[in-house]
Amino acid sequence: MSQSFDFRELDFLTVGTLGPRGQREFFLQARSEGRLVSLKVEKQQVAALAEYLDRVLKELPEGVGEIGDPPQDLDLREPVVAEWAVASLAIAYAQELDRLVVVAESFVDDEDEEPFQARFFLQRGEVAGLIGRARTVVAAGRPPCLYCGQPLETRNGDWCPCRN
66 MSQSFDFREL
76 DFLTVGTLGP
86 RGQREFFLQA
96 RSEGRLVSLK
106 VEKQQVAALA
116 EYLDRVLKEL
126 PEGVGEIGDP
136 PQDLDLREPV
146 VAEWAVASLA
156 IAYAQELDRL
166 VVVAESFVDD
176 EDEEPFQARF
186 FLQRGEVAGL
196 IGRARTVVAA
206 GRPPCLYCGQ
216 PLETRNGDWC
226 PCRN
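Just so it is clear: in the sequence shown, position 66 is 131 by my numbering, and no numbers are missing.
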């Protein structure tokens, strides 16, 4: 049963993939108080999240608490079963807690229906770890064509039709 989540004290928040290059499925995964939650995301969402978090982290005011070290183990944990697919991601700053909040919302089939929402509260060190992990995961995909930028198909010997 799908639902909303509000994780204020995280064990971790990470991104990762399942499947071979060119067929990977991307996930945003968190654990808090023994509850493991995986949400299906798109590669472009992961890349955009990393870039935006990086810009926001640099613009934050001086922290009120400890920054903390980035987590070391950001691999996906089993079982990876998506609760729901993410339609949108947003970032907020909880100043009183000095935490960045990643907010994910689900797709809805009916406009009268409210989307599910997941909120993840992150310390600055956790944000830095998530940025690095997201960039690594995105870069591990198929290389882009030098001419059109589309991912190359390894089954075609990294040949792209735009080269004709």
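Glycine is no exception: its CB is placed at the ideal position from the N, C-alpha and C atoms.
Proximity of residue i and residue j at Cβ, strictly below 9 Å
| i | j | result |
| --- | --- | --- |
| Ala183 | Val106 | no |
| Gly81 | Phe72 | no |
| Leu75 | Phe186 | yes |
| Arg96 | Arg164 | no |
| Ala112 | Arg207 | no |
| Gln68 | Glu148 | yes |
Delimiting residues of the beta strand (DSSP E) encompassing residue i
| i | result |
| --- | --- |
| Leu101 | 100-106 |
| Leu93 | 90-97 |
Nearest neighbour of residue i, chosen from the options [CA to CA]
| i | options | result |
| --- | --- | --- |
| Arg86 | Pro226, Glu179, Glu218 | Glu218 |
| Arg220 | Gln88, Phe77, Asp76, Leu75 | Gln88 |
| Tyr212 | Val203, Asp223, Gly206, Val202 | Asp223 |
Endpoints, alpha helix (DSSP H) assigned at residue i
| i | result |
| --- | --- |
| Leu195 | 189-204 |
Backbone CA spacing between residue i and residue j [nearest angstrom]
| i | j | result |
| --- | --- | --- |
| Gln94 | Val121 | 21 Å |
| Asp140 | Glu98 | 18 Å |
| Leu102 | Gln137 | According to the sequence provided, residue 102 is Val. The question's Leu does not apply to it. Rounded to the nearest angstrom, the two C-alpha atoms are 19 Å apart. |
| Val145 | Glu127 | 36 Å |
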